[in-house]
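Data first, discussion second: the structure below is written as structure tokens.
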Amino acid sequence: MKLKHGLYQIRDLTFYSLALLGTGVLALIPAVLVDAGAQWAGRLAYRWSGRRGAQLRANLRVVAGSLSDGLPVESLASDVYANYGRYMVEFFTMHWPDFWGRRKRMMVDEGPLQRAKDKGRGVVLFGIHGGNWDMAASECARRYGAFHSAGESVEPAWLGRLINRVRRGGHTQLYDSMSAARPLLRALRRGEIIGLVADRAVAGPGVEARLCDRLALLPVGPVWLAIKNEAPLLPTMIERKPDGRVQIEFWDAIDLQGLSDDEAGIALGVQRMADALTQMIQQGHASWFALQPVWPDVRP
-7 MKLKHGLYQI
3 RDLTFYSLAL
13 LGTGVLALIP
23 AVLVDAGAQW
33 AGRLAYRWSG
43 RRGAQLRANL
53 RVVAGSLSDG
63 LPVESLASDV
73 YANYGRYMVE
83 FFTMHWPDFW
93 GRRKRMMVDE
103 GPLQRAKDKG
113 RGVVLFGIHG
123 GNWDMAASEC
133 ARRYGAFHSA
143 GESVEPAWLG
153 RLINRVRRGG
163 HTQLYDSMSA
173 ARPLLRALRR
183 GEIIGLVADR
193 AVAGPGVEAR
203 LCDRLALLPV
213 GPVWLAIKNE
223 APLLPTMIER
233 KPDGRVQIEF
243 WDAIDLQGLS
253 DDEAGIALGV
263 QRMADALTQM
273 IQQGHASWFA
283 LQPVWPDVRP
């Protein structure tokens, strides 16, 4: 049994070391070549995406009727996978020196965030699975100090270890979603920034709210944390533009004035959050990585 466990450890260390070396090689290759290859690989992956691709198309059909670009869902889904490829290479190289100026391709309007930070109650950012949350988090940490978030644990273990290393390199403190409430609340009480994706419930049952005119289960965490510490709750729009740049917009804070942290107050706050999420999805659907179910009744 010990021998088997030791072999697994050696295997995981080997995979981790090779993957880490691979990210270093990627960081050395000119970004224009890597990005073009990543987009091509993303579109190729879409052709073989199976159930995840089908779920993405189903999710996009929910919002397609309100979109003005008139693109077919198949084309939209292919664009999402291409942008996901770009996101992956940006993520796995961001813990290395920025040889090719990727950060210079981020456009940040930080006025609302600065005003919220000045209140001294910490700030809760929320958004959709889109654009490049990790680079945005890293940029926030660079400008404002510590940045905190929560996420799902990743398997296999070697990949989870690599992802944690990358995020630490980007100065993001990540907590497991099932036990994140207390450390995130402590961060707010120190006046720091936390950021959470909120377009689907990952931990816990979630609360029903209307998202894109359809009932969805959304997380209570961003609203609960903001109410608990009287912290501003800022919609954060992270979108990849057609020229490849990542635009980060901090919208005006959600009005939580007078809401308590009981069931009724949380439900009302979550619906206000959902209204902002709907705007984000409609604006940033080309880089909305909705590969998982978002609405309980929307399946392939």
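Note that our numbering gives residue 61 to position 69 of the sequence shown, counting from 1, and the numbers run on in steps of one.
Ideal Cβ positions, reconstructed from N, Cα and C, are used throughout, including at glycine.
All values derive from a computational prediction rather than experimental measurement.
| Going straight from the alpha carbon of residue 27 to that of residue 240, what length do you get? | 19 Å
| query | Quick one, are the C-beta atoms of residue 86 and residue 238 less than 8 Å apart? | reply | no
| query | Among all the DSSP beta bridges, which residues are the ones paired with residue 115? | reply | Residue pairing by DSSP places residue 115 opposite 185 in a beta bridge.
| query | So what does DSSP say about residue 229, is it helix, strand or coil? | reply | strand
| Excluding the five sequence neighbours on either side, which residues of its own chain have a C-beta within less than 7 Å of the C-beta of residue 200, listed in chain order? | 207, 209
| said: I need the straight-line Cα distance from residue 7 to residue 150, nearest angstrom please. | reply: 7 Å
| request: Please list the segments of the alpha helix (DSSP H) lying wholly inside the segment 140 to 226, counting only runs of 4 or more residues, in order along the chain. | output: Along the length of the segment 140 to 226, whole alpha helix (DSSP H) runs at least 4 residues long occupy 149 to 161, 173 to 181, 213 to 221, reported in chain order.
| request: Provide the residue(s) that pair with residue 265 in DSSP beta bridges, ordered along the chain. | output: BP columns for residue 265 are empty, so no partner.
| field | residue 167 versus residue 192: straight-line alpha-carbon distance, rounded | value | 18 Å
| message | Buried or exposed for residue 2, going by 16 or more other Cβ atoms inside 10 Å? | response | Counting the other CB atoms within 10 Å of its CB gives residue 2 a total below 16, which places it among the exposed residues.
| field | Given 8 Å, three or more beta-carbon pairs between the segment 97 to 109 and the segment 123 to 142 | value | yes
| said: Restricting to Cα atoms, I'd like to know which of 165, 122, 78 is closest to residue 270. | reply: Selection 165, 122, 78 evaluated against residue 270 yields 122 as nearest (Cα-Cα).
| Spatial distance of residue 109 from residue 217 (CA atoms) | 15 Å
| So what does residue 240 bridge to, in DSSP terms? | 100, 230
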